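Working notes, structure below.
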Amino acid sequence: MSKINLSQQGIKNTKQRKCVLEVLEEANSPIDAMEILNRVNEKGVKMWISTIYRILEIFTEKGIVIKNTFFGEEKATYELNKHKHTHYARCLSCKKILEIDLCPMESFIPTVKDEKFYITGHRLEMYGYCDKCNKKRG
Ligand SMILES: [Zn+2]
Ligand SMILES: [Zn+2]
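Our numbering puts the sequence shown at residues 89 to 226.
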């Protein structure tokens, strides 16, 4: 059962939308649309990739989902908006996405030249190699 009530968000509750939501709720890291399609199909719900994109667009607009494109990647990834501050480290070799424990920006107070600036958010992304891939690199 999904914890998010789509109709409460002003989104018509269809079987397909519910299924995409479920897949996102079960994922423990950001996934791309193709991966969502695979997992939706595994659940026995048939969908076109274009339908997935349309649903993701609605979810992103409503703030249910966060869309992100990682460095060096063309494909966007999607994750449920947990309303929690999260940063990720991504392995350049196996594409594994790992959650970073703490935000190094939290205590950072920026100084901007000649002007005041009020920060409401930030993006920070780390890339490199996971332990396994790093060992393979020698
Ligand atoms: Zn790796
Ligand atoms: Zn942060």
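Where is the CB? At the ideal position from N, CA and C, for every residue including glycine.
Note that the structure is predicted; figures quoted are calculated from it, not measured.
On the premise that residue j lies in contact with residue i, defined as a C-beta separation below 8 Å, what is that separation, rounded to the nearest angstrom?
i: L112; j: Y166; result: 7 Å
i: L94; j: A121; result: The pair is not a contact, with the Cβ atoms about 19 Å apart (cut-off 8 Å).
i: K131; j: I99; result: Not quite, the Cβ-Cβ distance comes to about 19 Å (not below 8 Å), so this is no contact.
i: V108; j: I119; result: 11 Å between Cβ atoms; not a contact.
Expressed to the nearest angstrom, what Euclidean distance is found between the alpha-carbon atoms of residue i and residue j?
i: I185; j: F205; result: 31 Å
i: N126; j: Q97; result: 26 Å
i: K201; j: H210; result: 18 Å
i: V153; j: I197; result: 28 Å
i: E162; j: K155; result: 13 Å
i: I188; j: T174; result: 7 Å
i: F85; j: G216; result: The structure shown has nothing for residue 85, since the chain only spans 89 to 226.
i: A115; j: L168; result: 9 Å
i: I140; j: I92; result: 18 Å
i: N222; j: C182; result: 10 Å
i: S117; j: R178; result: 10 Å
contact_flag[the segment 99-116, the segment 125-136] where n(CB pairs < 8 Å) is 3 or more
yes
Ignoring anything shorter than 4 residues or poking outside the segment 103-162, list the alpha helix (DSSP H) runs there in chain order.
103-114, 121-130 and 137-149
Nearest-residue set for ligand 1, Cβ under 7 Å from any heavy atom
C179, S181, C182, K184, Y217, C218, K220 and C221
Residues passing the C-beta test against ligand 2 heavy atoms, cut-off 7 Å:
H173, H175, C191, M193, E194, H210 and L212
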